[in-house]
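The opening residue of the sequence shown carries number 4 in the working numbering; numbering runs sequentially from there. Cβ atoms here follow ideal geometry from the backbone N, Cα and C, with glycine treated the same way.
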Amino acid sequence: MPSLRIGVIYEEVQLCDIMGIDIIGSMGKDIISSMSSYGFSHLIDRAYDLEWLYISSTMAPAKTTPSIKIVPTHTYDTAPRDLDMIVVGGPLPSHRPEASLKFFREAVEKTKIIFSVCTGSMWLASSGILDGNKATTNRSFLPLAKQMHPEVEWLDQRWVVVDQADKGKAQLWIAGAADCGVEMIATYALENLDPVLAKLACSGIGFNPQNPQHGQFYSDAPAVKM
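Below you can see the structure in the form of C-alpha cells.
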C-alpha cells in the first residue's frame with residue numbers, strides 16, 4: 004500500500020483554495036475501505052496510506068474563510084520538511100508569519116511537490132523560493148504580484164509547473180484562482196497517482212478533464228486590466 008505525507012498550509016486562507024486536497028483524500032485507504040461494501044472492495048489494496056499535517060503558527064485552532072477553524076497538527080517550527088506534498092492556500096498579502104517563510108525555504112529543499120493556489124504563490128514568493136521562476140496567481144492579483152515580486156516571472160495562466168529536479172528542489176505546481184487549483188491538483192493526480200483511483204476521485208466531484216473549458220491556459224481575456 005503506497006503512502007503519502009501531505010502538509011496543508013491553511014492559516015488565514017480562503018477555504019476553497021485548499022479543497023483540491025479532497026481529491027487526494029478520496030484516494031486514501033480510510034475512504035476506500037468505507038466504500039468496500041458498495042462495490043469498491045477490489046480497490047483497497049490500491050488505496051494510499053495518507054498522513055495529513057495541518058500546519059499553522061501555533062497549535063491553537065486557525066481559521067479559514069468563512070470563519071471555519073481547523074486544529075493544527077504542527078507549527079511551522081515543528082513540521083517536518085521532507086514531505087511528499089505541501090498544499091499552500093492564499094491569504095491576504097499582509098499575512099506573512101516569519102516562521103512560515105523559513106519553513107518554505109527549508110521545505111523546498113526536501114519536499115517532493117509544492118502546490119500553491121490563488122495568492123499562495125505570493126506567500127511563497129515572499130520567502131524567495133520563486134525567485135527566477137515562472138509563476139501565476141489569482142488574475143485579480145497579478146498586477147500587485149508583479150509590483151511586489153518583480154524577481155518572479157508572473158504569467159497569466161490557470162496554472163504553471165516548474166520542474167526543479169536538476170536543482171534537487173521541489174517541483175512547483177502553482178495555480179491561479181481556487182477553481183484552477185482544484186483542477187490543477189486533479190490533473191496532477193490523473194498524471195502521477197494511481198490512475199484508477201484518480202479517475203474515481205475526479206468522477207466523484209464531477210471533474211471531466213476532456214471538458215474544453217478546462218486546461219492549463221485561459222480561454223478568455225482577464226476581467227481586470229493586467
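Local conformation of K137 per DSSP, three classes: Here residue 137 refers to the residue found at position 134 when the sequence shown is read from its first residue. Of the three classes helix, strand and coil, the one that applies to K137 here is strand, per DSSP.
The beta strand (DSSP E) enclosing V164, as first and last residue numbers: The residue labelled residue 164 in the question sits at position 161 within the sequence shown. Looking at the DSSP string, the run of the beta strand (DSSP E) that includes V164 is 162-165.
Cβ separation of A192 and I35, assumed to be a contact under 8 Å, to the nearest whole Å: Locating residue 192 in the sequence shown gives position 189, counting from the first residue. Locating residue 35 in the sequence shown gives position 32, counting from the first residue. A192 to I35, Cβ: 14 Å. No contact.
Local conformation of V74 per DSSP, three classes: Your numbering for residue 74 matches position 71 in the sequence shown. In this structure, V74 counts as coil in the three-state DSSP scheme.
Short Cβ contact (8 Å threshold) for P64 with V74: If you number the sequence shown from 1, residue 64 lands on position 61. If you number the sequence shown from 1, residue 74 lands on position 71. With contacts defined by Cβ atoms closer than 8 Å, P64 and V74 form a contacting pair.
Segments of 3+ residues assigned as beta strand (DSSP E) that fall wholly inside the region 31-88: 52-59, 65-67, 71-73
Per DSSP, cross-strand counterpart(s) of W157: Within the sequence shown, the letter at position 154 stands for residue 157. Its beta-bridge partners are A138.
C-beta atoms of Y120 and D48 nearer than 8 Å: Mapped onto the sequence shown, residue 120 falls at position 117. Mapped onto the sequence shown, residue 48 falls at position 45. The sequence shown places Val at residue 120, rather than the Tyr named in the question. Result no, Cβ atoms of V120 and D48 do not sit closer than 8 Å.
Pair within 8 Å by beta-carbon distance, W176 and I89: Your numbering for residue 176 matches position 173 in the sequence shown. Your numbering for residue 89 matches position 86 in the sequence shown. Cβ atoms of W176 and I89: not closer than 8 Å.
For V11: DSSP bridge partner residues: As a first step, residue 11 is located in the sequence shown; it is residue number 8 there, counting from the start. In the DSSP output, where bridge partners are listed per residue, V11 has Y57, V90.
Segment contact flag, the region 123-141 with the region 97-113, C-beta cutoff 8 Å, min 3 pairs: yes
Segment limits, beta strand (DSSP E) that includes F118: The residue labelled residue 118 in the question sits at position 115 within the sequence shown. Unbroken beta strand (DSSP E) run through F118: 116-119.
Collapsed DSSP secondary structure at I1 in the structure displayed: No answer is possible for residue 1: the residues shown for the chain start at 4 and end at 229.
Contact the region 51-66 vs the region 92-106: 3+ CB pairs below 8 Å: yes
Beta-carbon separation (whole angstroms), W157 vs K149, contact threshold 8 Å: Mapped onto the sequence shown, residue 157 falls at position 154. Mapped onto the sequence shown, residue 149 falls at position 146. Going by Cβ atoms, the distance from W157 to K149 rounds to 5 Å, so yes, they are a contact pair.
Beta-carbon proximity check, G184 vs R142, cutoff 8 Å: Working through the sequence shown from its first residue, we reach residue 184 at position 181. Working through the sequence shown from its first residue, we reach residue 142 at position 139. No.
Own chain residues within Cβ distance below 7 Å of F107, not counting five before or after: Sequence index remark: in the sequence shown, residue 107 carries index 104 (1-based). Result list for F107: L127, S130, I132, in chain order.
7 Å Cβ shell around F43 - same chain, five flanking residues per side excluded: Residue mapping note: residue 43 aligns to position 40 of the sequence shown, counting from 1. If we look at F43 and ignore the five residues flanking it on each side, its Cβ neighbours are I35.
Cβ-Cβ distance between K72 and A50 below 8 Å: Taking the sequence shown and counting its residues from 1, the one referred to as residue 72 is at position 69. Taking the sequence shown and counting its residues from 1, the one referred to as residue 50 is at position 47. Result no, Cβ atoms of K72 and A50 do not sit closer than 8 Å.
S6 in three-state terms, based on DSSP: Residue mapping note: residue 6 aligns to position 3 of the sequence shown, counting from 1. Correct three-state label for S6: strand.
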